[in-house]
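Novice:
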Amino acid sequence: MIASIQNKFKNFLSLKNVAIAFLVIYFAIFMVYPISKAFIGSFYDWNPLIDQFNFVGLNNFKEVIGDGLFWNSIKNTLLFTSFSVSFRLVIGLGLAMLLHSKLAKYKSFFNGMFYMPTITPLVAVSFVWMWMFNPQFGLINNIFHLDINWLNDPKYALPAITIMTIWKDFGYATVIFLAGLMGLPKDVYEAADVDGASGFKKFTNITLPLLKPTTIFILITSLISYLQAYVQILIMTEGGPGTSTYVISYLIFDEAFVKYNFGTASAMSMILFVIIAILTAIMFKVTEERKITP
Amino acid sequence: MTKIKTTLFNVILFILAIITVIPFVWMLISSFAPNSEIVKIGGSFWPGQFTLNNYVNIQENFNFMRMFANSLFIAVTTTVIIIYTSALIGFVFAKFKFKGNNLLFSIVLSTMMIPWAVTIIPKYEMMMDFGWLNTYTSLIVPSMISAFGIFMFRQSISQISDEMLEAARVDGASDWFIFHKIILPMSRNTISSLAIFQFLWSWEDFLWPYLMINDQSKQLLPVGLRLFNGQYGTDYGGLFAATSISIIPVIIIYLIFQKQFIAGIQSGTGK
Numbered sequence: 001m002i003a004s005i006q007n008k009f010k011n012f013l014s015l016k017n018v019a020i021a022f023l024v025i026y027f028a029i030f031m032v033y034p035i036s037k038a039f040i041g042s043f044y045d046w047n048p049l050i051d052q053f054n055f056v057g058l059n060n061f062k063e064v065i066g067d068g069l070f071w072n073s074i075k076n077t078l079l080f081t082s083f084s085v086s087f088r089l090v091i092g093l094g095l096a097m098l099l100h101s102k103l104a105k106y107k108s109f110f111n112g113m114f115y116m117p118t119i120t121p122l123v124a125v126s127f128v129w130m131w132m133f134n135p136q137f138g139l140i141n142n143i144f145h146l147d148i149n150w151l152n153d154p155k156y157a158l159p160a161i162t163i164m165t166i167w168k169d170f171g172y173a174t175v176i177f178l179a180g181l182m183g184l185p186k187d188v189y190e191a192a193d194v195d196g197a198s199g200f201k202k203f204t205n206i207t208l209p210l211l212k213p214t215t216i217f218i219l220i221t222s223l224i225s226y227l228q229a230y231v232q233i234l235i236m237t238e239g240g241p242g243t244s245t246y247v248i249s250y251l252i253f254d255e256a257f258v259k260y261n262f263g264t265a266s267a268m269s270m271i272l273f274v275i276i277a278i279l280t281a282i283m284f285k286v287t288e289e290r291k292i293t294p
Numbered sequence: 001m002t003k004i005k006t007t008l009f010n011v012i013l014f015i016l017a018i019i020t021v022i023p024f025v026w027m028l029i030s031s032f033a034p035n036s037e038i039v040k041i042g043g044s045f046w047p048g049q050f051t052l053n054n055y056v057n058i059q060e061n062f063n064f065m066r067m068f069a070n071s072l073f074i075a076v077t078t079t080v081i082i083i084y085t086s087a088l089i090g091f092v093f094a095k096f097k098f099k100g101n102n103l104l105f106s107i108v109l110s111t112m113m114i115p116w117a118v119t120i121i122p123k124y125e126m127m128m129d130f131g132w133l134n135t136y137t138s139l140i141v142p143s144m145i146s147a148f149g150i151f152m153f154r155q156s157i158s159q160i161s162d163e164m165l166e167a168a169r170v171d172g173a174s175d176w177f178i179f180h181k182i183i184l185p186m187s188r189n190t191i192s193s194l195a196i197f198q199f200l201w202s203w204e205d206f207l208w209p210y211l212m213i214n215d216q217s218k219q220l221l222p223v224g225l226r227l228f229n230g231q232y233g234t235d236y237g238g239l240f241a242a243t244s245i246s247i248i249p250v251i252i253i254y255l256i257f258q259k260q261f262i263a264g265i266q267s268g269t270g271k
């Protein structure tokens, strides 16, 4: 009798039960509840400082859609994201190919060097590049003999932040591509060598198709993270000069934690969520449909 | 001929590597230079004189090492917790059959798509209601689970053979025993790569500590860097020194786990 109760208790505390219970309760509190609250809150005039929570229907959304700054931020976000994602992929793959080559020596040394920007805190990196871009004593203008006031010129501020982001992040793509390359089957390449395929042929006909899962992984994770990037903006330009570097997540940060318009900020975050969901779905669709014939 | 080719190839790699790390080198060198040298217009890469004052000043004026220690504590704690919970939950998703396994896993995965902007406002209010503002509870408790970590562990643990686990079960080993004595030791590669990723993410997290912590003595390093820049905006040497120090722990974590890092990514993302 006692043994069977003990057994039941042991069963109740089995690894599976504990893990699932923990996961479900944790997600309910820190995911499901906040998401629901944000969704509901986007229909309310919501300010926690003065305890305000009044239903306003679709007003927040109307306000956001009628706001020129919002559309400007969307445009900047899309520009920033598309350049950062493409360069991250291309540089990442290029360097991974170089590092994977038989000719490369001291691989772990080079790995470490290329990975260094990626393992550096973004806030720190943002400060480093503020000095790099400094018009008086910055390294960029000095080296290339330029006279550009990078971060204070509306034309150059967003490109400057994009350059910095690409530099910071290409290492992530490099290691993941490298891991992918190291996992490719060797016999396929040997067969291609026997057939006398050129290096370029092997790259387009074997390497690229086989790296597809890796590429999709990097593409999707990059897309999601760049669509909500804001730290480098907050540190380097605070959206300026003017509104030239406002991106949507910075706008949300500004609306929520500077102006305390939680309702409007929630409405914006819902729109951002929809944008991310749609773009991710499109990426999955596009990469799936492109049939690969070796 | 091949020798020349190899040398040339590696020289090119080396040049690319130098271009990559040049901002760090510049920062490190300048952190030992007096401010007058740093802001000298048309100055050279190599400063005319060296000093340790920048490092001394950030500690004396700003108690910088206090924030460094705070950050280290938070980053190590959350990284250890997340590695453990990710392995545990990943193990369940990989090796246990139960109703809703795939559905629950897809839900976990899809949360990676939810922008921080959606959940951060209600979470902020929640922390206010719990009375956790300005405590480290607010930094640790809401970040004990990582969808990314669960994903990596599920992928790698599902490659461990069922027969071995079954044999252990037949010998009377409990699931907890199997988890601690077989699964965790066999997941060294995944642990290493998650440790590198997660430590960096905790170490560089800006917004959450910025919102939660008010006392400067409790503040974490990334927020501290910004506060420093706000208070001593023209003290470039100090900022260079502070930034240089803030990079060190992540590099150490990387060097410790580097060997298993790529293998971990391979088993975590490949399939």
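Chains H and A, in that order, are what the protein sequence lines are. Residue 154 in the UniProt record's numbering sits at position 154 of the first sequence, with consecutive numbering throughout. Residue 244 in the UniProt record's numbering sits at position 244 of the second sequence, with consecutive numbering throughout. Yeah, the Cβ is synthetic: ideal placement off N, Cα and C, and Gly gets one too.
1. May I ask you to report which of helix, strand or coil DSSP gives W203 of chain A?
2. Could you tell me whether the Cβ atoms of S193 of chain A and G268 of chain A are closer together than 8 Å?
3. Against chain A, does K291 of chain H count as a neighbour if the rule is that its beta carbon must be under 8 Å from one of theirs?
4. What would DSSP say about Q155 of chain A, mapped onto helix, strand or coil?
5. In whole angstroms, what is the alpha-carbon distance linking L200 of chain A and P121 of chain H?
6. Counting only Cβ pairs nearer than 7 Å, list the residues of chain A close to V123 of chain H.
7. Assign V231 of chain H to one of two classes, buried (16 or more other C-beta atoms within 10 Å of its C-beta) or exposed (fewer than that).
8. With distances taken Cα to Cα, identify the nearest neighbour of L184 of chain H among H:F39, H:I161, H:K285 and H:P209.
9. For W150 of chain H, decide whether its Cβ has a neighbour in chain A, counting only Cβ atoms nearer than 8 Å.
10. Say the cut is 7 Å; is the CB of N47 of chain H nearer than that to a heavy atom of the ligand SAM?
11. What separation, rounded to the nearest whole angstrom, lies between the Cα atoms of V80 of chain A and Q231 of chain A?
12. Identify, in the order they occur along the chain, each residue of the same chain with its Cβ nearer than 8 Å to the Cβ of L99 of chain H, setting aside the five sequence neighbours on each side.
13. Of all the options H:F170, H:A192 and H:S244, which has the alpha carbon lying nearest to the alpha carbon of A157 of chain H?
14. Under 8 Å, Cβ to Cβ, is there at least one residue of chain H near T51 of chain A?
15. Kindly say whether Q258 of chain A, judged by its beta-carbon, lies nearer than 8 Å to any beta-carbon of chain H.
16. What in chain A is Cβ-close to Y33 of chain H, meaning under 8 Å?
17. In the structure shown, what three-state DSSP assignment does Y115 of chain H receive?
18. Tell me the residue span of the alpha helix (DSSP H) that contains F203 of chain H.
19. Check the Cβ-Cβ distances between L89 of chain H and every residue of chain A, and say whether any is below 8 Å.
20. For F98 of chain A, does the count of other Cβ atoms within 10 angstroms reach 16, so buried, or fall short, so exposed?
21. Would the region 144-153 of chain H and the region 88-98 of chain H be scored as touching if the rule is three or more Cβ pairs under 8 Å?
22. Which one of A:Y210, A:L13, A:I12 and A:T77 has the shortest CA to CA distance from S143 of chain A?
23. At 9 Å on the CB atoms, spell out the chain A contacts of I224 of chain H, in chain order.
24. Counting contacts by CB-CB distance shorter than 8 Å, is T280 of chain H in contact with chain A?
25. Taking F53 of chain H as the reference, which of H:F61, H:K37, H:K62 and H:L78 has the closest Cα?
26. DSSP three-state call for N134 of chain H: helix, strand or coil?
27. Can you confirm whether P154 of chain H, when its beta carbon is compared against all beta carbons of chain A, has any partner nearer than 8 Å?
28. DSSP on T20 of chain A, reduced to helix/strand/coil?
29. Do you know how far the Cα of G264 of chain A is from the Cα of S101 of chain H?
30. Can you find a CB in chain A that lies within less than 8 Å of the CB of P294 of chain H?
31. Would you identify the three-state DSSP class for F98 of chain A, choosing helix, strand or coil?
32. N54 of chain A CB to nearest chain H CB: under 8 Å?
33. Between which residues of its own chain and I292 of chain H is the CB-CB distance below 6 Å, once the five residues before and five after are set aside?
34. Mapping the DSSP letters down to three states, classify W71 of chain H as helix, strand or coil.
35. Identify each residue in the region 256-285 of chain H for which the Cβ-Cβ distance to at least one residue of chain A is less than 8 Å, and report them in chain order.
36. So, helix, strand or coil for I140 of chain A, using DSSP?
Specialist: In short:
1. As a working note, residue 203 of chain A is residue 203 in the second sequence. Collapsing the DSSP output to three states places W203 of chain A in a helix.
2. Indexing the second sequence from 1 puts residue 193 of chain A at position 193. Indexing the second sequence from 1 puts residue 268 of chain A at position 268. Yes, the pair counts as a contact, with Cβ atoms nearer than the cut-off.
3. If you number the first sequence from 1, residue 291 of chain H lands on position 291. Reliability of the predicted coordinates at K291 of chain H is poor, the pLDDT of 47 falling under 50, and no value is obtained from them.
4. The count along the second sequence starts at 1 and reaches residue 155 of chain A at position 155. In the displayed model, Q155 of chain A falls within a helix according to three-state DSSP.
5. Position 200 of the second sequence, counting from 1, holds the residue named residue 200 of chain A. Position 121 of the first sequence, counting from 1, holds the residue named residue 121 of chain H. Each residue's CA atom was taken as its position, placing L200 of chain A and P121 of chain H some 7 Å apart.
6. Taking the first sequence and counting its residues from 1, one reaches residue 123 of chain H at position 123. Ordered by position in chain A, the residues that pass the 7 Å Cβ test against V123 of chain H are E204, F206, P222, L225 and R226.
7. Position 231 of the first sequence, counting from 1, holds the residue named residue 231 of chain H. Here V231 of chain H is buried: its Cβ has 16 or more other Cβ atoms, across all protein chains shown, within 10 Å.
8. Position 184 of the first sequence, counting from 1, holds the residue named residue 184 of chain H. Of H:F39, H:I161, H:K285 and H:P209, the smallest CA-CA separation from L184 of chain H is found for H:P209.
9. By one-based count along the first sequence, residue 150 of chain H stands at place 150. No, W150 of chain H lies away from the interface with chain A (no Cβ there is under 8 Å from its Cβ).
10. Summarising the ligand content, the structure contains no ligands, and the ligand SAM is consequently not present.
11. On the second sequence, residue 80 of chain A is found 80 positions in, with the first residue counted as 1. On the second sequence, residue 231 of chain A is found 231 positions in, with the first residue counted as 1. Each residue's Cα considered, the two are about 34 Å apart.
12. Here residue 99 of chain H refers to the residue found at position 99 of the first sequence. Closer than 8 Å at the Cβ level, and outside the excluded window around L99 of chain H, lie K107, F110, N111, F114, T174 and L178.
13. Translated into the one-based positions of the first sequence, residue 157 of chain H becomes position 157. Checked all of H:F170, H:A192 and H:S244; the closest Cα to A157 of chain H is H:S244.
14. The residue you call residue 51 of chain A lines up with position 51 of the second sequence. False, the Cβ-Cβ gap to chain H never drops below 8 Å.
15. The residue you call residue 258 of chain A lines up with position 258 of the second sequence. Chain H has a Cβ within less than 8 Å of the Cβ of Q258 of chain A.
16. For the purposes of this step, residue 33 of chain H is taken as the residue at position 33 of the first sequence. Below the 8 Å Cβ cutoff, chain A contributes P122 and M126 as neighbours of Y33 of chain H, in chain order.
17. The sequence position of residue 115 of chain H within the first sequence is 115, counting from 1. If DSSP states are grouped into helix, strand and coil, Y115 of chain H belongs with the helices.
18. Reading the first sequence from its first residue, position 203 is the one you call residue 203 of chain H. Taken as a continuous stretch (DSSP letters only), F203 of chain H belongs to no alpha helix (DSSP H), as it is neither H nor E.
19. Looking up residue 89 of chain H in the first sequence gives position 89. Not flagged as an interface residue toward chain A: L89 of chain H, since no C-beta distance is shorter than 8 Å.
20. Here residue 98 of chain A corresponds to residue number 98 of the second sequence, with the count starting at 1. Counting Cβ neighbours within 10 Å, F98 of chain A comes out exposed, since fewer than 16 surround it.
21. Verdict: no, contact absent.
22. Here residue 143 of chain A refers to the residue found at position 143 when the second sequence is read from its first residue. Out of A:Y210, A:L13, A:I12 and A:T77, A:T77 has the C-alpha closest to the C-alpha of S143 of chain A.
23. Translated into positions along the first sequence, residue 224 of chain H becomes position 224. The answer, in chain order, is M112, M113 and P115.
24. Counted from its first residue, the first sequence places residue 280 of chain H at position 280. Judged by the 8 Å Cβ criterion, T280 of chain H is in contact with chain A.
25. For this step, residue 53 of chain H is matched to residue 53 along the first sequence. By alpha-carbon distance to F53 of chain H, the top candidate from H:F61, H:K37, H:K62 and H:L78 is H:K37.
26. Along the first sequence, read from residue 1 onward, the residue named residue 134 of chain H stands at position 134. N134 of chain H falls in the coil class under three-state DSSP.
27. In the first sequence, residue 154 of chain H corresponds to position 154, counting from 1. False, the Cβ-Cβ gap to chain A never drops below 8 Å.
28. Here residue 20 of chain A refers to the residue found at position 20 when the second sequence is read from its first residue. Looking at T20 of chain A - three-state DSSP - the assignment turns out to be helix.
29. As a working mapping, residue 101 of chain H is identified with position 101 in the first sequence. As a working mapping, residue 264 of chain A is identified with position 264 in the second sequence. The straight-line gap from Cα to Cα measures roughly 21 Å.
30. Looking up residue 294 of chain H in the first sequence gives position 294. With a pLDDT of 34 at P294 of chain H, under the threshold of 50, the modelled position of this residue cannot be trusted; read the value that follows with caution. Closer than 8 Å: no.
31. Here residue 98 of chain A corresponds to residue number 98 of the second sequence, with the count starting at 1. Note: F98 of chain A maps to coil in three-state DSSP.
32. Here residue 54 of chain A refers to the residue found at position 54 of the second sequence. At a cut-off of 8 Å between C-beta atoms, N54 of chain A does not count as an interface residue with respect to chain H.
33. Mapped onto the first sequence, residue 292 of chain H falls at position 292. Its pLDDT being 44, under 50, I292 of chain H is placed unreliably in this model, and the value from its coordinates should be taken loosely. Counting only Cβ-Cβ distances below 6 Å, and skipping sequence neighbours, we find P209.
34. Position 71 of the first sequence, counting from 1, holds the residue named residue 71 of chain H. Here W71 of chain H carries a helix assignment [DSSP, helix/strand/coil].
35. Per Cβ criterion, the list reads A256, F257, F262, A265, S266, M268, S269, M270, L272, F273, I276, A277 and T280.
36. In the second sequence, counting from the first residue as 1, residue 140 of chain A sits at position 140. Of the three classes helix, strand and coil, the one that applies to I140 of chain A here is helix, per DSSP.
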